[in-house]
Every structure is written in C-alpha cells, then in structure tokens.
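Everything on this sheet refers to the single structure shown next.
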Amino acid sequence: MAGLLLRGGGRAAAAGLAPGLGRGCCGEAAGLRAMGFSEEQARRLRGLQPRLGPERREAAAAQLLLLGLGAEAALGLLQRSPELLRLPPEQLQERAGELRRLGLQGGRLRRAVSRCPQLFTLPRRRMAAVVRLLRERCLFTAEQLQEVLGTCPAVLLEEPARLHLHFQYAYFRMGVQQKEMVKAQLFRTPFAELRNRHIFLERRGLYQTPHKGQTQTGNPKLKDILELPEGAFLASLARSTPEEYEVFKQLLAREEEEEEEEEEEDRDALYKEEDEDLDGEGSKTAWE
Amino acid sequence: MARGAVLGGGGAGGAGAGAGPAPEGQRRSAGDGGAERAGGGSAAEAGAAAGAGTGAAPAPLQEEATTAPRIPVTRLALHHFDTTYSLQLRDLWPSVRASLLCEQKYGALLNNFSPVDHVTQELELLNATDFISQAHKEAQQLQQGAATKEGGRGENRSQEGSGRGRTVMQAEATTEAETSPPLRASISSNIKCYTFPRGDITRFRPARPDVLGLLDYYLMDAASLLPVLALNVQPDDSVLDLCAAPGGKTLALLQTGVCGHLAANDISISRTKRLYQVLQSYVPKEIREAVSVTSCDGRDWEQLKGSTFHKVLVDVPCTTDRHSVMEEENNIFHKKRTKERQMLPMLQLQLLMAGILATKPGGEVVYSTCSLSPLQNEHVIERAVEIAETQFSISVHVEDLSHFRILFQDTFCFFSDCQLGELVLPNLTANFGPMYFCKLRRM
Numbered sequence: 051m052a053g054l055l056l057r058g059g060g061r062a063a064a065a066g067l068a069p070g071l072g073r074g075c076c077g078e079a080a081g082l083r084a085m086g087f088s089e090e091q092a093r094r095l096r097g098l099q100p101r102l103g104p105e106r107r108e109a110a111a112a113q114l115l116l117l118g119l120g121a122e123a124a125l126g127l128l129q130r131s132p133e134l135l136r137l138p139p140e141q142l143q144e145r146a147g148e149l150r151r152l153g154l155q156g157g158r159l160r161r162a163v164s165r166c167p168q169l170f171t172l173p174r175r176r177m178a179a180v181v182r183l184l185r186e187r188c189l190f191t192a193e194q195l196q197e198v199l200g201t202c203p204a205v206l207l208e209e210p211a212r213l214h215l216h217f218q219y220a221y222f223r224m225g226v227q228q229k230e231m232v233k234a235q236l237f238r239t240p241f242a243e244l245r246n247r248h249i250f251l252e253r254r255g256l257y258q259t260p261h262k263g264q265t266q267t268g269n270p271k272l273k274d275i276l277e278l279p280e281g282a283f284l285a286s287l288a289r290s291t292p293e294e295y296e297v298f299k300q301l302l303a304r305e306e307e308e309e310e311e312e313e314e315e316d317r318d319a320l321y322k323e324e325d326e327d328l329d330g331e332g333s334k335t336a337w338e
Numbered sequence: 204m205a206r207g208a209v210l211g212g213g214g215a216g217g218a219g220a221g222a223g224p225a226p227e228g229q230r231r232s233a234g235d236g237g238a239e240r241a242g243g244g245s246a247a248e249a250g251a252a253a254g255a256g257t258g259a260a261p262a263p264l265q266e267e268a269t270t271a272p273r274i275p276v277t278r279l280a281l282h283h284f285d286t287t288y289s290l291q292l293r294d295l296w297p298s299v300r301a302s303l304l305c306e307q308k309y310g311a312l313l314n315n316f317s318p319v320d321h322v323t324q325e326l327e328l329l330n331a332t333d334f335i336s337q338a339h340k341e342a343q344q345l346q347q348g349a350a351t352k353e354g355g356r357g358e359n360r361s362q363e364g365s366g367r368g369r370t371v372m373q374a375e376a377t378t379e380a381e382t383s384p385p386l387r388a389s390i391s392s393n394i395k396c397y398t399f400p401r402g403d404i405t406r407f408r409p410a411r412p413d414v415l416g417l418l419d420y421y422l423m424d425a426a427s428l429l430p431v432l433a434l435n436v437q438p439d440d441s442v443l444d445l446c447a448a449p450g451g452k453t454l455a456l457l458q459t460g461v462c463g464h465l466a467a468n469d470i471s472i473s474r475t476k477r478l479y480q481v482l483q484s485y486v487p488k489e490i491r492e493a494v495s496v497t498s499c500d501g502r503d504w505e506q507l508k509g510s511t512f513h514k515v516l517v518d519v520p521c522t523t524d525r526h527s528v529m530e531e532e533n534n535i536f537h538k539k540r541t542k543e544r545q546m547l548p549m550l551q552l553q554l555l556m557a558g559i560l561a562t563k564p565g566g567e568v569v570y571s572t573c574s575l576s577p578l579q580n581e582h583v584i585e586r587a588v589e590i591a592e593t594q595f596s597i598s599v600h601v602e603d604l605s606h607f608r609i610l611f612q613d614t615f616c617f618f619s620d621c622q623l624g625e626l627v628l629p630n631l632t633a634n635f636g637p638m639y640f641c642k643l644r645r646m
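The listed protein sequences correspond, in order, to chains S and W. So the first sequence is numbered by my numbering: it starts at 51 and just counts up by one. So the second sequence is numbered by my numbering: it starts at 204 and just counts up by one.
Okay, here's the thing in structure tokens:
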C-alpha cells in the first residue's frame, strides 16, 4: 500500500527521507515504514552494511521499490547484493533510466534487476559497447534489441567479443537471421550448449549450413534446438541416445580444447625467431 | 574453436552455388591452410550477401585474401557416403556418420615379445580390459550356463556375464553349446588387446620401449583384430597376409605365436618399408627373420607361388571411409584418383581370387575392408564365389560368423542386416571401425 503511494510521489518521498546526519534509528525506521517495509523488514534492512549512513539504505531501497519490486524482494536483493548499497543512489536512478530507454520496461525491468543486480554495477562503457555491438555490428533493429534485452537482460553483462562470436556462429555457421534469433532467445542458452547441440545435429547430417541465397533448408528451427529439454531434443530432433550424446559432448570439448592450444602454439610460433621442428610425428609410428 | 567455426560458416554462405558448406568435423591436418583461408575470405562475401536483406553487412570477423574456394575432398567423400549409406543403413546412418567425424577409439595390442605384466597392470588400473579374454570368459560362462540349463539357471548366468541382460545371448545359448569347440579355439589365440569401456574416451599413452628396445604395445583400431581372430590360426599353419602393409594385422598374426610360416606381401615398396619398421620395433630378430616379406602385386600370387597356405588374409585396399572424411591428404576422393576409386571393386575381386587360389584345399581365407560399401564388401564376396566355381571349378563356402559377432558385441556395434560376412559400425560409444570381414573355406 505504502509502496503504491511511493510510486506516485516517489522522488519527493525519497528526498524527504534523506536529510542530514544524526537521525537515529527511530527516524530511519519510520522512514522505512512509510515506504512500505514492515518493522521486521526495516530491522533487517538496517542490519545491512551498518557503517553506511541510513540515507544510503533508504535511497537504495526506494529506488528498488520504484522499479516495482515488493518490499521483501527489495530487501532480499539488497541482502544478496550488498554492492548495490555502496553505489551512489543517483547511479541507481540513472541506470534504471538508461535501461528503460533501451526498452526494458515495467515487469521486464523489475525481473531483470532481480535476477541480474550486476546491471546496476556494470560500467557504462561496457553496457554501451554491448548495445553498440548488437545494433551496429549484429544489426538488430531497435525493436529486436528491446526484445533481446527483455528476454535476456544478462546479455548486457557479456563480454562484447564473446557475444559477437556467439552471434556470428548463429548467423554464418547456422545461417540463422536476426528475427529467428530473437524468437529463439538465442542468448539465453550458453554458447557452448548451442555448439554441442548444433554440431551434434550437423555431424549426424541433420543440419546443413545454407548456401548463399538458399532460403529453404530442411534444418530444424533454432527455437526448437535451444528450447527443447535435452531428452526431447535427443528423441525428436537428433534421434539419438543419451549415451551417444554424452560421449559426443566429451569428445567435442576435448577437440575444442586442443584446437585452442594449437592456435595458441601457432601464435607463439609466429613470434619465435628460430626455426623450430614442430613435427611431433615421432610417436605416430606406433599408430596404424 | 568458435573462430574457426565462424570462418567455415562464412565460406558456406559466400561461396558460389557449386561450392558446399564448410566441412564438418574439419581437422587441422598437416598443410591444411587452404580450407580455412577460403572460409575466411568468404566470410566477407557472406556478410555482403546476408547484408542484402538487412540493408548492411554484419561485420565479418576477419578480412582475408580470397583464393578460389575449393570444396575440400573430405566434403566430397562425405557427400558420396551420405548418398549411398543412408540408403543402406537407413536410420543407423546418422549415428555412424557422427562417429566417423569424431575421434576414433583405439585398442592397445599387447606385444607378447616384450614383458607384459607391468603393462597389463598399468592398463587395468586405468580401467581398460582385454576385450578378447573378456569374451572368452563370457563364452565359458555361457557354455557352463547351457550345460546346467535344465533348471533355467542358464539365463541368469548369461545376464550376469554381460551385465546387460542380453536376450540375444539367451536365445543363442543352445547354439553356443553346439558350436563350442571352434568358438573356444578361435579365442585361445594369445592375442591380447586392451580397450577402454564403452563411453570412455580416455586415450592410451604412446608405446614405450622395454629394456631390449621392443615397444610394449601397438595402437590400432581394435576392430582390425576381428579379421585376424576370425582367421583362427592353428599351430604350424602356413599363413599368407596378401596386403600386409602397414603391418598391424601382420603383427597380430605374429602375436598368436603359432604361425608355422608367415608370408607378408604388399604391392607398395614404400609401405613394405613401413611394415619392416613395425616388425623391427616389435618383434625379436629370430622371429622377424622367419617372416617372408615380399613386394609383389598380390593379384599375381598364384602364378608365383601356387596353393600352399592353410590360412590367407586378404585385407584389401578400399575407400578407407573414416580416413576419407577426416584427412585431406592421401585421399582417394581426389578428382585425379576417380578412376582408381572406381576400379577398386575390380582390384578387390582380383586380390580375393588370388587369395583363394593361394589357399590349400580345406584352407580358409578371410577378406576384410575398412569400408561400409556393399560394392566393396558383400558384392565382392558373391562375385568371387561365383568365379571360383565357374572359372576354376573351386567350391568356396562362406562361413557363418554370427556366433563370433555375438561374442564381441559388447565391445563393438555390428550391423545386424549384413547378408554375407560381418560389419562393425562406428558408434560414438564404441568408435571402432568401419570393418567388414568375411570368412571363406576352400573345399
């Protein structure tokens, strides 16, 4: 109830709650109660980061309530992520505004914040780099970007280079367009899992990278590949047994690891002056 | 890895209509820069092509100088197999295909000429087992089970033995009892080969020399031992290995310790050199020197030597399916080798005929390939049996190896619809093979 009131006159209330020092615990408690916290909740909140002034706690709590979190949820979030309390409250407000401008609104914003509190602590440069990547290099439309952020806000936390690889894999290697990526919520599934499932299908002959200009493929939809639980994926798409898939994942992981090592070695070799004998074929005579 | 994958994918998008997508399971074999370069260059084109729809090109990862993108030979081979084997293997083909494109599984053939105890200890600590003696144990259990079958206890025993409740083994229990002498004989071959369990992808360490300088084991596709085991060499048999190089099966024959006389032949002098090296690395001098190594065209064998052998192994050149989808080098699917590839079934038939003619009456021939193709497998057997009859008045009987297959089906995946002979199918849990083998008896 008090929360609703707060949303109406949020800033005013918050400002009113942040006077100078020496308010004492009664003053703070009253302020928190006015925001909608129960006595017990207020006590728990006061217990967080006791060295910080009460204004900080109240301001942080207020911002979270403004985003639509309930009192208990806000408290829980602050307990789990005390770094939020250490941020200047203006930053919380600004970041919320930035996220809204990117299209993360209402319930989606609230959920995003609850699940990824690091969205507040993420350096602005990093966030901007990801947004720029998605718009300018991956060519998602503003609307598509909105949808991506709404369904997978954690994408903002990704390292841009890695995110780019993830996108390019789906785009070039799998021949999937942005529209389908958005529908399939591409970034919600870890990149490694996408590769496991895709390469499994590919090696079984059930997925082919489309040729230039090819519109019709017999390929399964990205949405199905990503969203089916493993059992259903194996039964209906891959038509394979769990045992085979288990072994495949291990073999693929080893392959990728060794390819990484090889690439590193090649890079090192490029910078070496002497001519080394890179032929490790000696042991191979024992192999048929 | 992802980088390579992306470039490869780019190649697919950007290349002209004739060019196919980047090869799946592409390995970095020696000198393989071409395919990746082509992939890299085409990523730029793919970007442009893709951009046409959205109004701009998503920036590709790297701009590289484009050489005309060539379709890798491995891709041609894979496409060929997709066409033929999907018809033959039907819904088994996807599993086989994925297995061919993943790292194969090896077995460690123990060198009986080198002290083996510490090696067996080492391997068993790693959870590897000798699949041959394992099969022997299970066969014994089955026979004991069959003997006491009246109380119906045999069924339980066979289930214990395999640990997987095989109904096939139950059904075959009675046949086992009937055919037990040849079964037992084929296993007491002294050949020991360690493999890791199903689903275990551990690799063996490289072979090591002992105090005498002989290597402790030989790493090979364990399925390659099946033709040798099927040959069932008996004490003092004279044995011919008609296409012996590079020498894995020859070495296995020597491991039986019972060859009266072993002749190892290969048409290629360079490959015969390899065979010499293998013998030198594994076999003591006196035994090595008793092996007659020759470099003749196997097809001429009968003219040169006559029918003098009890046992003949004809492990013919074939399309080496696994190699053909994984390695660019030395690949029979190269355009310039098309004629050679198309002539293979004829060559294989001629070699088998020579093998049959080199066998004494009552002797046995095992024919083997590492291909899935019926044209190189059953079809060659059928033609050979026919020609032996019509042209040479030699009666040749195809031996039934189904009990043999049942014996080893815990280790290997066999194709149940093989009309003549047996075929080991690669499977991710047991990534051996392909290996086709068929046993013929000259009457």
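Using N, Cα and C, we set each Cβ at its ideal position, and we do this for glycine too.
Any C-beta of chain W under 8 Å from that of Gly-66 (chain S): At Gly-66 (chain S), the pLDDT of 45 sits below 50, so the modelled position is not reliable; the number obtained from the coordinates is stated separately. Cβ-Cβ to chain W under 8 Å: no for Gly-66 (chain S).
Gly-310 (chain W) versus Ser-498 (chain W) - alpha carbon distance: Spanning the two alpha carbons is a distance of roughly 28 Å.
For Arg-645 (chain W) and Cys-573 (chain W), the rounded distance between their alpha carbons: Near 24 Å, if we compare the C-alpha coordinates of Arg-645 (chain W) and Cys-573 (chain W).
DSSP-derived helix/strand/coil call for Gly-97 (chain S): Three-state DSSP puts Gly-97 (chain S) in a helix.
Contact with chain W by Arg-165 (chain S), beta-carbon distance below 8 Å: Judged by the 8 Å Cβ criterion, Arg-165 (chain S) is not in contact with chain W.
Leu-184 (chain S) at chain W interface by Cβ criterion, 8 Å: With 8 Å as the cut-off, Leu-184 (chain S) does not count as an interface residue toward chain W.
At least three beta-carbon pairs within less than 8 Å, the segment 388-407 of chain W to the segment 418-431 of chain W: Flag = yes, the segment 388-407 of chain W and the segment 418-431 of chain W touch.
Cβ-based burial, Ser-598 (chain W) [other Cβ within 10 Å; buried from 16]: By the neighbour-count rule (16 or more Cβ atoms within 10 Å), Ser-598 (chain W) is not buried but exposed.
Closest by C-alpha distance to Met-549 (chain W), when choosing among W:Leu-279, W:Ala-587, W:Cys-305: Nearest option by C-alpha distance: W:Ala-587.
Helix, strand or coil at His-418 (chain W) according to DSSP, with G and I counted as helix: Per the sequence shown, residue 418 (chain W) should be read as Leu rather than His. Strand at Leu-418 (chain W).
Identity of the residues DSSP links to Cys-396 (chain W) by a beta bridge: BP columns for Cys-396 (chain W) point to W:Leu-312.
Buried or exposed (CB count within 10 angstroms, at least 16 for buried), Gly-364 (chain W): In this prediction, Gly-364 (chain W) has a pLDDT of 40, which is less than 50 and means its spatial position is unreliable; what the coordinates show is noted afterwards. Buried.
Span separating the alpha-carbon of Gln-551 (chain W) from that of Glu-543 (chain W): Straight-line measurement puts the Cα of Glu-543 (chain W) at about 12 Å from the Cα of Gln-551 (chain W).
C-beta neighbour in chain W for Arg-253 (chain S), strict 8 Å: Yes, because at least one Cβ of chain W sits closer than 8 Å to the Cβ of Arg-253 (chain S).
One or two residues paired with Tyr-648 (chain W) in a DSSP bridge: Past the edges of chain W, shown from 204 to 646, lies residue 648 (chain W), and the structure says nothing about it.
Three-pair Cβ contact test at 8 Å for the segment 183-191 of chain S versus the segment 204-215 of chain S: These segments touch.
Three-state class that DSSP yields for Leu-478 (chain W) in the structure shown: Per DSSP, reduced to three states, the secondary structure at Leu-478 (chain W) is helical.
Proximity of Gln-113 (chain S) and Ala-146 (chain S) at Cβ, strictly below 8 Å: Yes, the Cβ-Cβ distance between Gln-113 (chain S) and Ala-146 (chain S) is below 8 Å.
Where the beta strand (DSSP E) containing His-600 (chain W) begins and where it ends: Residues 599-601.
The segment 396-409 of chain W: positions lying closer than 7 Å to chain S by Cβ: Taking a C-beta cut-off of 7 Å against chain S, the contacting residues of the segment 396-409 of chain W are Gly-402, Ile-404, Pro-409, listed in chain order.
Any 3 or more C-beta pairs closer than 8 Å across the segment 527-537 of chain W and the segment 453-468 of chain W: Verdict: no, contact absent.
Lys-563 (chain W) beta carbon less than 8 Å from that of Phe-595 (chain W): Not in contact: Phe-595 (chain W) and Lys-563 (chain W) (Cβ atoms no closer than 8 Å).
Chain W within 8 Å of Arg-289 (chain S), Cβ atoms only: With 8 Å as the cut-off, Arg-289 (chain S) counts as an interface residue toward chain W.
Contacts of Ser-298 (chain W) in chain S (Cβ-Cβ under 8 Å): Within chain S, the residues whose beta carbon sits less than 8 Å from that of Ser-298 (chain W) are Arg-254, Ser-290, Glu-294, listed in sequence order.
Same chain, Cβ closer than 8 Å to Ile-335 (chain W), five either side skipped, listed in chain order: Once the five neighbours on either side are set aside, the close Cβ partners of Ile-335 (chain W) are Ile-390, Ser-392, Ile-394, Lys-395, Cys-396, Leu-428, Leu-432.
Under 9 Å from the C-beta of Cys-305 (chain W): neighbouring residues of chain S: Neighbours of Cys-305 (chain W) in chain S, taken as residues whose beta carbon is under 9 Å from its own, are Arg-253, Val-297, Phe-298, Leu-301, Leu-302, Glu-305 in chain order.
Where Thr-632 (chain W) falls, given that 16 or more other Cβ within 10 Å makes a residue buried: Buried.
Pair within 8 Å by beta-carbon distance, Leu-417 (chain W) and Phe-407 (chain W): No, these two residues do not count as a Cβ contact at 8 Å.
Candidates S:Gly-200, S:Gly-120, S:Asn-269, of which the one nearest Met-224 (chain S) by Cα: Sorting S:Gly-200, S:Gly-120, S:Asn-269 by C-alpha distance to the C-alpha of Met-224 (chain S) places S:Asn-269 at the top.
Where Gln-579 (chain W) falls, given that 16 or more other Cβ within 10 Å makes a residue buried: By the neighbour-count rule (16 or more Cβ atoms within 10 Å), Gln-579 (chain W) is buried.
Listed by chain order, chain S residues near Thr-632 (chain W) by CB distance under 7 Å: For a Cβ distance threshold of 7 Å, residue set Glu-293, Glu-294, Val-297 of chain S lies close to Thr-632 (chain W), ordered along the chain.
Contact between the segment 436-456 of chain W and the segment 341-350 of chain W (3+ Cβ pairs under 8 Å): Taking 8 Å as the limit for Cβ pairs, the verdict is that the segment 341-350 of chain W does not touch the segment 436-456 of chain W.
Proximity below 8 Å, CB of Leu-329 (chain W) to CB of Thr-405 (chain W): Using a Cβ distance threshold of 8 Å, Leu-329 (chain W) and Thr-405 (chain W) count as a contacting pair.
As assigned by DSSP and simplified to three states, the class of Glu-208 (chain S): Secondary structure at Glu-208 (chain S): coil, using DSSP grouped into helix, strand and coil.
Pro-577 (chain W) to Phe-635 (chain W) span [Cα, whole Å]: Rounded to the nearest angstrom, the two C-alpha atoms are 19 Å apart.
Partners in chain S for Ala-426 (chain W), counting only beta-carbon separations shorter than 7 Å: Under the 7 Å cutoff, chain S gives no residues; its nearest Cβ is about 11 Å from Ala-426 (chain W).
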